[in-house]
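Trainee: Please see the structure below; I have some questions.
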Amino acid sequence: MSEWLSHFLEKPVATTPSGTTANRTLYGIVDSVRQPRALEKLFQQAGLNGVEKLFQDTPFAEMNDVSPIWLQLTPGSPAAAQALELCHDNRAGILLTSREKPETALLHARRLLRMNDPTHGDSLARYYDPAFWSALALTVPVQPLFGPWDSVFTPPAHRDDQQWRLWEQTEKVDTSSVEQKYPLQLKSNTLIAFDEIRWWYWIRLRNAESAAGLSDSQLSGVADNLQLLVDHGIEEGRHLERLLPNLNQGPLQARTDVMNVLSSDMPAFEKVQRLEV
């Protein structure tokens, strides 16, 4: 199994993300592009204590119409349950807790929106994508990433799975005495880890962790085969889904018949038809 996927699967899990302990406040960040009816659903529920457009008062304010939504929630409330569902569906968000003032937690969330990649420079970072957050937490220093936050919860991929992965800042730093530097600096391996965990989400969305299908030990090989298909022009999800049942039979790269098809000039749909046989 790959290094980053192995570390990801080793993280502790929680069935219900909570902010009830040690005076922590529970927050959520929901991607409004992936959940366009998020506010409509949330405003119908009790326990929603605050809503902010995350792009507001940032360099990305001109895109406020598609801004992710920052939520302050009462743990155990109907609004918190709705936020869990929104984040869970379509890999659309994360939950987090903080002991600091709400404005401090929100300010950090806004400042994290701009990150610096050593190759590509500064750009908007969708760190509220559970797969990308996981990659960040595995590869960059904890304190600059978490700032005033204590813990972050990332959802499982499949609706039948209930185990949220827990990411914690175990050595709490007094943020008032530490100068936080922005933008956050990505590491050279952050995007590599992101690709691996993104494949995990894609596969697990179609093969639940709780089902007796693919084991964790088999996932890395399936992900490698998926990436090989993408590298050879088979990129559409519907095509990859058709081939998924055949991707757990060893590395495709070792099969001459498969590589002959993939290396050909055939259009993607025809390659899929040949590989399905």
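Residue numbering for the sequence shown follows this note's numbering, starting at 37 and increasing by one per position.
Note that CB positions come from ideal geometry on N, CA and C, so glycine has one too.
(1) Check phenylalanine 71 in the structure and name its three-state DSSP category.
(2) What is the residue span of the beta strand (DSSP E) that phenylalanine 189 lies within?
(3) Does DSSP classify valine 66 as helix, strand or coil?
(4) What's the gap between the Cα of aspartate 158 and the Cα of lysine 217?
(5) In chain order, what residues of the same chain lie with their CB nearer than 6 angstroms to the CB of asparagine 152, ignoring the 5 residues before and after it?
(6) Kindly indicate the opening and closing residues of the alpha helix (DSSP H) around arginine 162.
(7) At what residues does the alpha helix (DSSP H) containing aspartate 93 begin and finish?
(8) What separation, rounded to the nearest whole angstrom, lies between the Cα atoms of leucine 255 and leucine 109?
(9) Going by beta carbon distance, what residues of the same chain come within less than 8 angstroms of leucine 250, once the five residues before and after it are set aside?
(10) By how many angstroms is the C-alpha of glutamate 277 removed from the C-alpha of methionine 302?
(11) Counting only beta-carbon atoms, is proline 184 nearer than 8 angstroms to chain C?
(12) Would you mind working out which of Lys137, Asn225, Val87 and Phe96 sits nearest proline 154, comparing C-alpha positions?
(13) Quick one, which of Lys89, Pro95 and Asp93 has its alpha-carbon nearest aspartate 101's?
(14) For the beta strand (DSSP E) containing leucine 132, list its first residue and its last residue.
(15) Below 8 angstroms between beta carbons: does that hold for leucine 120 and alanine 128?
(16) Going by DSSP, which residues form a beta bridge with threonine 61?
(17) Express the C-alpha separation of arginine 234 and tryptophan 40 in angstroms, rounding to a whole number.
(18) Between which two residues does the alpha helix (DSSP H) holding isoleucine 233 run?
(19) Please name the residue, chosen from Leu280, Arg147 and Ala167, that lies closest to tyrosine 237 on a Cα-to-Cα basis.
(20) So, at 7 angstroms on beta carbons, what are the nonlocal neighbours of alanine 145 in its own chain, with the 5 sequence-adjacent residues on each side left out?
(21) Measure from the alpha carbon of alanine 193 to the alpha carbon of each residue in Ser170, Phe182 and Gln179, then state which is nearest.
(22) Quick test of your reading: proline 53 and phenylalanine 189, contact by CB under 8 angstroms. State the CB separation rounded to the nearest angstrom.
(23) Do aspartate 260 and leucine 45 have their beta-carbon atoms positioned less than 8 angstroms apart in this structure?
(24) With distances taken from CA atoms, which of Arg135, Leu279 and Gly112 is nearest lysine 307?
(25) Here's the rule: buried if 16 or more other CB atoms are within 10 angstroms of the residue's CB, otherwise exposed. What is glutamine 118?
(26) So what's methionine 151 in DSSP terms, helix, strand or just coil?
(27) By the three-class DSSP mapping on this structure, what secondary structure does arginine 316 have?
(28) Check each candidate in Leu265, Gly286, Asn59 and Asp67 and name the one with the smallest Cα separation from serine 299.
(29) Identify which residue in Leu262, Glu312 and Glu98 has its Cα closest to the Cα of leucine 160.
Mentor: Quick answer:
(1) To locate residue 71, count along the sequence shown from 1; it is residue 35. Position check: residue 71 holds glutamine in this sequence, whereas phenylalanine was assumed. In this structure, glutamine 71 counts as coil in the three-state DSSP scheme.
(2) Against the sequence shown, residue 189 aligns to sequence position 153. Counting along the chain, the beta strand (DSSP E) containing phenylalanine 189 begins and ends at 185-190.
(3) As a first step, residue 66 must be located in the sequence shown, where it is residue number 30. Residue state, collapsed to three classes: strand.
(4) The residue labelled residue 158 in the question sits at position 122 within the sequence shown. The residue labelled residue 217 in the question sits at position 181 within the sequence shown. Cα-Cα distance, rounded: 14 angstroms.
(5) Within the sequence shown, numbered from 1, the residue matching residue 152 stands at position 116. Asp158, Pro219 and Gln221, listed in sequence order.
(6) As a first step, residue 162 is located in the sequence shown; it is residue number 126 there, counting from the start. Per DSSP, arginine 162 belongs to no alpha helix (DSSP H) and is neither H nor E.
(7) Position 57 of the sequence shown, counted from the start, is the residue given in the question as residue 93. First-last for aspartate 93: undefined, no H or E at that position.
(8) In the sequence shown, the residue the question calls residue 255 occupies position 219. In the sequence shown, the residue the question calls residue 109 occupies position 73. Roughly 35 angstroms between the two C-alpha positions.
(9) Here residue 250 refers to the residue found at position 214 when the sequence shown is read from its first residue. Hits under 8 angstroms: Ile239, Asn243, Val258 and Asn284.
(10) Here residue 302 is taken as the residue at index 266 of the sequence shown, counted from 1. Here residue 277 is taken as the residue at index 241 of the sequence shown, counted from 1. One C-alpha to the other measures close to 19 angstroms.
(11) The structure shown contains no chain C, having only a single protein chain.
(12) As a position in the sequence shown, residue 154 is number 118, starting the count at 1. Taking only the C-alpha atoms, the option nearest proline 154 is Asn225.
(13) Against the sequence shown, residue 101 aligns to sequence position 65. If we check each option's Cα against that of aspartate 101, Lys89 comes out closest.
(14) As a first step, residue 132 is located in the sequence shown; it is residue number 96 there, counting from the start. Here the beta strand (DSSP E) through leucine 132 covers 129-134.
(15) One-based indexing of the sequence shown puts residue 120 at position 84. One-based indexing of the sequence shown puts residue 128 at position 92. Their beta carbons are not under 8 angstroms apart, which means leucine 120 does not touch alanine 128 by this criterion.
(16) Here residue 61 refers to the residue found at position 25 of the sequence shown. Its beta-bridge partners are Ser134.
(17) Position 4 of the sequence shown, counting from 1, holds the residue named residue 40. Position 198 of the sequence shown, counting from 1, holds the residue named residue 234. For tryptophan 40 and arginine 234, the distance between alpha carbons rounds to 11 angstroms.
(18) Translated into positions along the sequence shown, residue 233 becomes position 197. Note, isoleucine 233: alpha helix (DSSP H), 226-242.
(19) Locating residue 237 in the sequence shown gives position 201, counting from the first residue. Of Leu280, Arg147 and Ala167, the residue nearest in Cα terms is Ala167.
(20) Here residue 145 is taken as the residue at index 109 of the sequence shown, counted from 1. Ile65, Leu90 and Trp106, listed in sequence order.
(21) Taking the sequence shown and counting its residues from 1, the one referred to as residue 193 is at position 157. For alanine 193, the nearest C-alpha among the options comes from Ser170.
(22) By one-based count along the sequence shown, residue 53 stands at place 17. By one-based count along the sequence shown, residue 189 stands at place 153. About 4 angstroms separates the two Cβ atoms, so the contact holds.
(23) Reading the sequence shown from its first residue, position 9 is the one you call residue 45. Reading the sequence shown from its first residue, position 224 is the one you call residue 260. It is not a contact, given that the beta carbons lie outside the stated cut-off.
(24) The residue you call residue 307 lines up with position 271 of the sequence shown. The shortest Cα separation from lysine 307 among Arg135, Leu279 and Gly112 belongs to Leu279.
(25) Position 82 of the sequence shown, counting from 1, holds the residue named residue 118. Buried is the call here.
(26) As a working note, residue 151 is residue 115 in the sequence shown. Strand, per DSSP.
(27) Past the edges of the chain, shown from 37 to 313, lies residue 316, and the structure says nothing about it.
(28) Here the question's residue 299 lines up with position 263 in the sequence shown. Ranking Leu265, Gly286, Asn59 and Asp67 by Cα distance to serine 299 puts Leu265 first.
(29) Within the sequence shown, residue 160 is the residue found at index 124, counting from 1. It is Glu98 whose Cα lies nearest to the Cα of leucine 160.
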